[in-house]
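According to the numbering used here, the stretch in the sequence shown is residues 515 to 625, in order.
Heads up, the beta-carbon is just placed ideally off N, CA and C, and yes, glycines get one too.
Take a look at the structure below.
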Amino acid sequence: MSRENNKYLKLYEETNKIQSMRMYLSIINIMFDFFEMEDPTIEDIRSITVDDANDFLDYVKNDLKYENGTINKYMKACSSFYKLLRRQHNGLVEFDPFSTEEGAVRLKEKT
Numbered sequence: 515m516s517r518e519n520n521k522y523l524k525l526y527e528e529t530n531k532i533q534s535m536r537m538y539l540s541i542i543n544i545m546f547d548f549f550e551m552e553d554p555t556i557e558d559i560r561s562i563t564v565d566d567a568n569d570f571l572d573y574v575k576n577d578l579k580y581e582n583g584t585i586n587k588y589m590k591a592c593s594s595f596y597k598l599l600r601r602q603h604n605g606l607v608e609f610d611p612f613s614t615e616e617g618a619v620r621l622k623e624k625t
């Protein structure tokens with residue numbers, strides 16, 4: 515039995531997309547607030563370094579007092595924002611300072 519067209523599953527999927535988007539937008543706005551970017555330009559966005567990204571991680575951990583899993587979600591949301599600008603918008607940014615490949619930190623989940 516195929517469930518691809520089930521209206522309840524589609525509703526669930528759409529709701530989760532909206533909730534995820536709201537969460538990601540909230541995180542990106544917190545990032546912009548942290549970097550004191552009222553109306554960020556592409557130059558502002560490009561100016562964020564890996565060290566800045568790791569400072570943001572420290573802020574989320576030490577000032578906001580979030581757990582490691584939530585902190586990693588914050589970093590992933592910021593990284594997704596940069597990936598979008600890099601891939602889908604003709605390379606508006608050249609690198610993702612929130613990427614672990616560039617040196618950004620992720621925290622181990624508590625077990």
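- In this structure, glycine 617 and valine 564 form a Cβ contact; the two beta carbons are roughly 4 angstroms apart against a cut-off of 8 angstroms.
- Taken in chain order, the whole alpha helix (DSSP H) runs of length 4 or more contained in the segment 542-605 are 556-560, 564-576 and 582-601.
- Alanine 591 and leucine 598 have their alpha carbons spaced roughly 11 angstroms apart.
- Pairing valine 619 with leucine 571 gives a Cβ-Cβ distance under 9 angstroms.
- Phe595 is the residue among Phe548, Phe595 and Arg560 whose C-alpha sits nearest the C-alpha of methionine 535.
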